[in-house]
Amino acid sequence: MKKCMVIGGGIAGVLSARIMELLEREVILIEAGPRLGGCAGTFERNHLKYNIGATTIPSLIPDFPLKRLLDLVNNSPLELAEVHLINPPILIHNNGKTIARFMSPDEDLEEWQRAFPTLKGHKKFLNLSYQITNTLLKSNFYLNNNNILTKTKTILKNMPIYLKIAPYFYKPASALIRELYGQEISDEFYYFLEAQVMITIQTSLKETSALGLLLAIGYSYTGVGKANGGTGKFIEAIALPTNFFLNEKVLKIKKIKNSFLIKTQNETYHADEIILAFPFLENLEIFEDNDFLKYFNKYRSLLSPYSAFVCYGKYMGSTIDPSPSHLIILPETMKNNYFSGYLFLSFLNHSNIRTFTLSTHVPISKLRDFYSSKNFCENLKKQFINYLCETFGEREENFTEVFYATPLTFKKYLNKIHLGGIPFKMENHPFKIPGNITPFKGLFLVGEHSFAYQGWLGISVGILNLYEHLRS
Ligand SMILES: Cc1cc2nc3c(=O)[nH]c(=O)nc-3n(C[C@H](O)[C@H](O)[C@H](O)COP(=O)(O)OP(=O)(O)OC[C@H]3O[C@@H](n4cnc5c(N)ncnc54)[C@H](O)[C@@H]3O)c2cc1C
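In UniProt numbering, the protein residues as written are 1 to 472.
Set out below in structure tokens:
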């Protein structure tokens with residue numbers, strides 16, 4: 001039996017460990033932190049549970065990538081973690097208006113016509129988004145960009161899907177909007193679309209393709225769920241049969257003939273295969289071999305220019321519906337260069353107590369300014385909580401025990417500052433990203449640093465690609 005070591009216990013590590021077991025490898029998963037989950041984990045503080053980041057679990061309808069993977073590994077994690085579908089999964093708040101996103105284009109159409117009645121083109125846009133999301137994500141996407149031969153195979157294998165999505169692949173999102181709406185759209189509609197692009201594919205509307213926009217809008221059509229008791233519980237349920245070690249940070253990886261030597265602070269391991277499921281592009285010093293260093297170094301510049309500022313706390317009020325996630329578009333008066341114009345709010349219900357996670361993107365280029373004043377983060381926290389109160393007509397005292405995580409917190413606990421992995425920009429096409437299969441025998445990649453599509457959805461697409469590659 002081949003020995004496979006999976007490094008990193010986030011979504012990517014846990015799911016790929018399970019498929020490697022399915023492929024009859026002897027698997028060990030190593031996680032640097034005290035729990036599984038990474039950015040999608042759930043932590044405890046003063047006896048309260050908080051989702052670190054990810055709360056929405058997309059792609060749960062049959063034939064979508066995560067559901068396909070869960071069916072393959074088959075240990076009922078959905079039931080174990082009490083994951084249920086939510087409809088509408090997301091409410092978008094903009095300047096006193098609330099717009100729900102639903103699981104079907106028909107429900108959405110009614111809502112969009114009510115919210116933006118003067119715009120013609122909603123029906124075509126929503127149906128196209130539904131169709132492209134289904135076509136692309138329900139198919140067997142293949143990617144191996146190692147050399148000319150594997151690239152040719154990639155093109156040939158994807159040809160049937162490519163022919164269907166080609167018109168949207170090279171077209172900027174803005175061109176598609178012009179085509180469908182045939183008129184200047186309002187700023188309000190622009191930000192409504194961009195908020196969804198930013199939160200699902202981690203880039204701006206200006207920088208993504210028509211395909212990126214269609215997938216961002218199609219997110220809710222994949223079936224979005226939420227885990228009662230926290231997303232971390234879902235990850236633990238998936239990992240249940242896996243042999244894993246916590247608090248074990250990998251410090252060095254070295255290739256020795258046909259195997260790998262992996263050094264942690266406690267142990268030295270040997271493995272025939274390794275799967276990098278940790279933020280490897282930010283931690284290149286781990287690689288002892290120059291070949292690896294050179295190979296990964298060329299991808300570093302693809303990483304998202306954003307990190308995150310996240311507020312956590314207890315919610316005691318009743319004016320905000322805790323079931324869906326809330327995407328809040330900030331008014332012009334609040335916008336500045338230190339954070340994106342969007343807030344993402346979600347809740348965790350546990351033993352009749354509600355905690356919240358409220359996040360925004362912050363540009364990494366501004367980090368120094370960010371920490372130059374002691375009060376900067378405190379002020380940001382206050383500003384965001386005040387805006388929640390204004391948006392939902394809630395009282396400030398209903399948000400209690402509020403604290404925050406900064407980019408440095410993410411560096412300390414998750415070993416990364418860039419959040420959002422490789423964004424789905426127009427220029428980050430499949431042959432430009434690392435993908436899952438490397439030219440080095442036995443070395444595979446999964447997760448945020450391998451694919452230009454992050455979160456449960458994009459990570460699952462990558463792992464299915466790896467599974468099909470190894471199976472064949
Ligand atoms: C605020 C926020 C909200 C989000 N909301 C959503 C959402 O609602 N839905 C969604 O689908 N996605 C969401 N995302 C994105 C999603 O959380 C990430 O894309 C995903 O969790 C990344 O998973 P990963 O396994 O690739 O990496 P990570 O989550 O980063 O996991 C990598 C793991 O590797 C470990 N590690 C690091 N270095 C080492 C080492 N040297 N040795 C051993 N282990 C190591 C880390 O501790 C970590 O546990 C959100 C992200 C953020 C930041």
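We put the CB at the ideal spot given by N, CA and C, even for glycine.
Any chance you could list the beta strand (DSSP E) runs of at least 3 consecutive residues sitting entirely within the segment 275–351, in chain order?
-> Runs found: 306–315, 325–329, 342–350.
Regarding I459 and ligand 1, is the C-beta to nearest heavy atom distance less than 7 Å?
-> At least one heavy atom of ligand 1 lies closer than 7 Å to the C-beta of I459.
Is the distance from the Cβ of G223 to the Cβ of F64 below 8 Å?
-> yes
Measure how close the beta-carbons of K416 and P279 come, nearest whole angstrom, since I'm counting them as under 8 Å.
-> 4 Å
May I ask whether a heavy atom of ligand 1 can be found less than 7 Å away from the beta carbon of F292?
-> For ligand 1, not one heavy atom lies less than 7 Å from the Cβ of F292.
Report the rounded CA-to-CA distance for K255 versus T409, giving the unit in angstroms.
-> The straight-line gap from Cα to Cα measures roughly 32 Å.
Go through the segment 152–228 residue by residue and report every complete run of the alpha helix (DSSP H) that reaches 4 residues or more, in order.
-> 173–181, 187–201, 210–218
Quick one: residues in its chain with C-beta nearer than 8 Å to the C-beta of F43, no 5 flanking neighbours on either side, listed in chain order?
-> These residues qualify, in order along the chain: R35, K49, Y50, I52, G232.
Beta strand (DSSP E) containing I7: first to last residue?
-> 3–7
Three or more C-beta pairs closer than 8 Å, one from the segment 113–129 and one from the segment 178–192: is that the case here?
-> yes
In chain order, what residues of the same chain lie with their CB nearer than 6 Å to the CB of F245, ignoring the 5 residues before and after it?
-> I30
Among residues of its own chain, excluding the 5 on either side of residue 482, which ones have a beta-carbon nearer than 6 Å to its beta-carbon?
-> Since the first residue shown for the chain is 1 and the last is 472, residue 482 is missing from the structure and cannot be characterised.
Where does E21 sit, in a helix, a strand or coil, going by DSSP?
-> helix
Alpha helix (DSSP H) segment containing I238, residue limits = Where I238 is concerned, the enclosing alpha helix (DSSP H) stretches over 231–239.
CB of residue 478 within 8 Å of CB of I199, strictly | Summary: the structure shown does not reach residue 478, with the chain confined to residues 1 through 472, and so no result is reported for it.
Using a threshold of 7 Å, is the CB atom of I61 nearer than that to any non-hydrogen atom of ligand 1?
-> no
Exposed or buried, which one is T319 when buried takes at least 16 other CB atoms within 10 Å?
-> exposed
Proximity winner among R354, L193, H361, relative to I398 (alpha-carbon distances) | Just to set this straight, residue 398 is Asn in the shown sequence, not Ile. Nearest option by C-alpha distance: R354.
Which residues in the same chain have their Cβ closer than 7 Å to the Cβ of I235, if we skip the five residues on either side of it in sequence?
-> I11, V14, L36, G37, A40, G41
Looking at N228 and ligand 1, is the gap between the Cβ and the nearest heavy atom below 7 Å?
-> no
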